[in-house]
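In the working numbering, the protein residues as written are 22 to 288. The structure appears below as structure tokens.
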């Protein structure tokens, strides 16, 4: 899920409004747009409304939700989808770590951070974090402290096959989608109404979705998500149809949740 800021006229004024988008990856590995919502502000309370709407419209389960650290967000997700596994977005962990670092040291420090999240197992990841701490704590003690404090939300993706981990711990899929949307709305100024903005976003997303005919890279069917922590509920039933401005699906999803901030691609 993502908040895209769009300028909309409100009486005699132009205001910034958050247009929320939900992108899921189903068990076949293909991307699906789940909906568009409008709100002036961003927060866990409004996400609760969105998640409840998704559940009411037929989303049976969220297997993994990759979140950006918004306060109260993980608890909100679990309150609606109790079996969901929450993964802290590594993109944002790295971005937040680098804001403390001098330009000359960023490249070297990123290599050491990569050793943590590219580890083949949790045990080796812990060892890599200890090595990072030994090397960098004298200059940037807050970085290793942040990773340790969030460790239980950092490591869930390590329980899955290596070929699918990047799809879980990064938000590249939704960042790419946002890039396309930003290009479309960049030179359009303000929209006269919320409905006008929604129609344009819907048409753009509809065109994008026509190209999503293949699974994401390295997807190997449901075996890509074989892991003990995952939900054991029944197989999903696919039932989709388009409403005026919505797409409904009854299936299980990997859900991406991220705020719209400058992209940082993690490889």
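No residue lacks a Cβ here, since even glycine has one placed at the ideal position from N, Cα and C.
Which of the three DSSP states is assigned to residue i in this structure?
{"i": "residue 237", "result": "coil"}
{"i": "residue 189", "result": "helix"}
{"i": "residue 319", "result": "An answer regarding residue 319 cannot be provided, because it is not within the stretch 22 to 288 covered by the chain."}
{"i": "residue 121", "result": "coil"}
{"i": "residue 150", "result": "helix"}
{"i": "residue 60", "result": "strand"}
{"i": "residue 25", "result": "strand"}
{"i": "residue 81", "result": "coil"}
{"i": "residue 44", "result": "strand"}
{"i": "residue 160", "result": "coil"}
{"i": "residue 30", "result": "strand"}
{"i": "residue 52", "result": "strand"}
Give me the Cα-Cα distance between residue i and residue j, rounded to the nearest whole angstrom.
{"i": "residue 73", "j": "residue 155", "result": "44 Å"}
{"i": "residue 188", "j": "residue 194", "result": "8 Å"}
{"i": "residue 240", "j": "residue 124", "result": "36 Å"}
{"i": "residue 153", "j": "residue 87", "result": "24 Å"}
{"i": "residue 98", "j": "residue 80", "result": "13 Å"}
{"i": "residue 221", "j": "residue 206", "result": "9 Å"}
Quick one: residues in its chain with C-beta nearer than 8 Å to the C-beta of residue i, no 5 flanking neighbours on either side, listed in chain order?
{"i": "residue 211", "result": "28, 29, 30 and 35"}
{"i": "residue 267", "result": "With a pLDDT of 31 at residue 267, under the threshold of 50, the modelled position of this residue cannot be trusted, and the question is left open."}
{"i": "residue 142", "result": "179"}
Between which residues of its own chain and residue i is the CB-CB distance below 6 Å, once the five residues before and five after are set aside?
{"i": "residue 60", "result": "39 and 67"}
{"i": "residue 50", "result": "236, 237 and 240"}
{"i": "residue 144", "result": "none"}
Would you call residue i buried or exposed, if buried means 16 or more other Cβ atoms sit within 10 Å of its Cβ?
{"i": "residue 52", "result": "buried"}
{"i": "residue 224", "result": "exposed"}
{"i": "residue 234", "result": "exposed"}
{"i": "residue 163", "result": "exposed"}
{"i": "residue 45", "result": "buried"}
I'd like the list of long-range same chain contacts for residue i, defined as Cβ closer than 7 Å, with 5 residues on each side in sequence excluded.
{"i": "residue 161", "result": "121 and 122"}
- request: Determine, using beta-carbon pairs with one atom in the segment 143 to 153 and one in the segment 91 to 109, whether at least three such pairs fall under 8 Å.
  value: Contact between the segment 143 to 153 and the segment 91 to 109 is absent, because fewer than three Cβ pairs lie under 8 Å.
field: Three or more C-beta pairs below 8 Å linking the segment 168 to 177 and the segment 195 to 205
entry: Output reads no: the segment 195 to 205 does not touch the segment 168 to 177.
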